[in-house]
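Data first, discussion second: the structure below is written as structure tokens.
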Amino acid sequence: MSQTAALDNEAIAKAHVPQATVQGTEQELHNAKGSIDITRAVTNTYDEEPLGKYEDDPTEEDLHTLRRVSGGIQWSMYTIAFAELCERFSYYGSAVLYTNFVNRPLPPGSTTGAPADPNGSIIPGALGMGPKAAQGINLFNQFFAYLMPLFGAWLADAKLGRYKTIHIAIVVSTIAHVILVAAAAPGVLTSGNKGGFGAFIVGLLLLCTGTGLFKANISPLLAEQNRDTRMRVEVQNGERVLVDPSITNSRVFLWFYFAINIGATVGQVCMVFVEKYHSFWLAFFLPTVLFLLCPLVLALNKKHYHLTPPTGSVLQKFLQMFSFAKKRSTGAFAVNWEAAKPSNVPVAERPGWMTYDDAWVDEVKRGLMACKVFLFLPIFFLAYNQMTGNLTTQAGTMELHGAPNDVIQNLNPLSIIIMVPIMDKVVY
């Protein structure tokens, strides 16, 4: 949510509320647009400053006629993208092994999970719990890994800040990787008890937790590094162009996504061959080694990062505001957004957490409406999630000619790696 300033809050408070009575304080009437905390309102962003303040400011005509281009990408952004590449290598390089590890039994004569003849028809395995257990564990792994970022975001926003939370995530994930290596040790796999499965589940849960803490904060940390927030006119190769910070952000995250899928693809491709030709323990160990580059890269470049302190959880403030509005609504699905605006609540009756302004309520409402674009995702993931479980199991029943059955999981990241340069250089 933006925290831009100098917008008449009185006009905002009356918008869409016929004959509304403005009950805000004098401070609120001159406060920032969309501020989650009026006690920390910041200065204007460029889009609210008058044109002509700087020599290279675009004119109104420039805004409509000049080609918009990206600004430069700072070195600090590349280091964060590399850290994310290593983390994705470690996570997907480990997760790709789960199906065979759980589904298949130890091959005859094997103590490591790898078949005696890698070119034969025997599939690597360890626990031998069957396809239903493997699919269930894979689905739970994805569910828990996508759930934990909510906690990771709250922890960073409300308590620790992003940089510290990322390092906590690294510690948790490192412990998880070590436990997964131990769960796949030959002595554990051949012991005949349930110790291997128990250690595997503990490692999986910790890895999902670390992943959630990491993923919730690495992207915002990257976004914070783009300090160029002002449009400007430049001459590039003899052409006057408009350098647009929003285009810069789009380009940064397009290549960040490229780095994610490079890490995921290389991790998955390499580890399924290690699993097939050597052992599960080594396939879990190698991602751990690469993952340990994350704290090293981030620590060495900390002085180059722009780091913001925790300013309070947006999620927590949203839940409080939404609950306040819902209690003052009529109907099961109605939400009285106007009731949650500070200007419509007498100062003496306001809860202590109501530090936002009216415009922030409007932004939250628009944000929730925009979330309708995500309604197709459950349908997409019904199909996508088959790739990591059932389709991998099915591939194991086919003629493989020496290829690992779980290599099929790389089709998705490979397609993304192909499409990102096309989207950046051709489409956009």
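Take 1 as the starting number for the sequence shown in our numbering and just add one per residue. By construction, the Cβ of each residue, glycine as well, lies at the ideal position given by its N, Cα and C atoms. Owing to the predicted nature of the structure, the values given are computational and were not obtained by experimental measurement.
When only Cα atoms are considered, Thr229 and Leu254 end up about 18 Å apart. Taking 8 Å as the upper bound for CB-CB distance, Asn103 and Gly125 are in contact here, some 7 Å apart.
Between the alpha carbons of Gly367 and Lys303 lies a gap of roughly 34 Å. Using a 10 angstroms sphere on the CB of Trp75, the tally of other CB atoms stays under 16, which defines it as exposed. A distance below 8 Å between beta-carbons, with the five flanking residues on each side excluded, links Phe291 to the following residues of its chain, in chain order: Cys86, Glu87, Phe89, Ser90, Ile170, Ser173, Thr174, His177. Here the region 323–330 does not lie against the region 114–121, with fewer than 3 beta-carbon pairs under 8 Å apart. The residues Leu222, Gln225, Val252, in chain order, have a CB closer than 7 Å to that of Met77 in the same chain once the five nearest residues on each side in sequence are set aside. Val241 is bridged by DSSP to Arg67, Glu234. When DSSP states are grouped into helix, strand and coil, Leu147 belongs to the helix group. Of all alpha-carbon atoms in Gly71, Val373, Thr59, the one lying nearest the alpha-carbon of Gln236 is that of Gly71. Judged by DSSP secondary structure, Trp75 falls within the alpha helix (DSSP H) whose first and last residues are 75–95. Residue state for Leu127 is assigned as strand, using DSSP reduced to three classes. Note on Gln268: 16 or more other CB atoms within 10 angstroms of its CB, so buried under the neighbour-count rule. Thr393 sits away from Gln409, with the two beta carbons spaced by 8 Å or more. Here Arg162 is buried. Its C-beta has 16 or more other C-beta atoms within 10 Å.
When the alpha-carbon of Phe280 is set against those of Cys294, Ala403, Val188, Ile422, the nearest one is in Val188. In the DSSP annotation of this structure, the continuous segment of the alpha helix (DSSP H) that includes Thr392 starts and ends at 390–395. Across the structure, Ile417 and Phe258 are spaced so that their CA atoms are roughly 6 Å apart. Under the three-pair Cβ rule at 8 Å, the region 54–70 does not count as touching the region 201–211. Between Met321 and Val361, the C-beta gap is smaller than 8 Å, which places the two residues in contact. For Gln320, the enclosing alpha helix (DSSP H) starts and ends at 314–327. Of the other Cβ atoms in all chains shown, fewer than 16 fall within 10 Å of the Cβ of Phe380; this residue is therefore exposed.
Separation of the CB atoms of Val266 and Ala83 is rounded to 15 Å, and the pair is thereby denied contact status at 8 Å.
As computed with DSSP, Pro342 is found in no beta bridge at all.
When the five nearest sequence neighbours on each side are left out, the beta carbons in the same chain lying within less than 8 Å of the beta carbon of Asn249 are those of Ala223, Asn226, in order along the chain.
When DSSP assignments are scanned along the region 235–300, the uninterrupted stretches of beta strand (DSSP E) that are 3 or more residues long and fall wholly within it turn out to be 239–243.
Taken through DSSP and simplified to helix, strand or coil, Pro105 comes out as strand.
Here Phe200 is buried, its C-beta having at least 16 other C-beta atoms within 10 Å. A distance below 7 Å between beta-carbons, with the five flanking residues on each side excluded, links Pro149 to the following residues of its chain, in chain order: Gly212, Lys215, Ala216.
Rounded to whole angstroms, Pro245 and Val233 show a C-alpha spacing of 12 Å. For Lys164, the enclosing alpha helix (DSSP H) begins and ends at 162–183.
Taking a cut-off of 8 Å on C-beta distances, the region 109–118 touches the region 189–196, as three or more cross pairs fall below it. At a Cβ-Cβ threshold of 8 Å, Val69 and Ile247 count as neighbours. For a cut-off of 8 Å, the C-beta gap from Phe284 to Val364 is around 42 Å, too long to register as a contact.
Each residue's CA atom was taken as its position, placing Pro287 and Ser94 some 7 Å apart.
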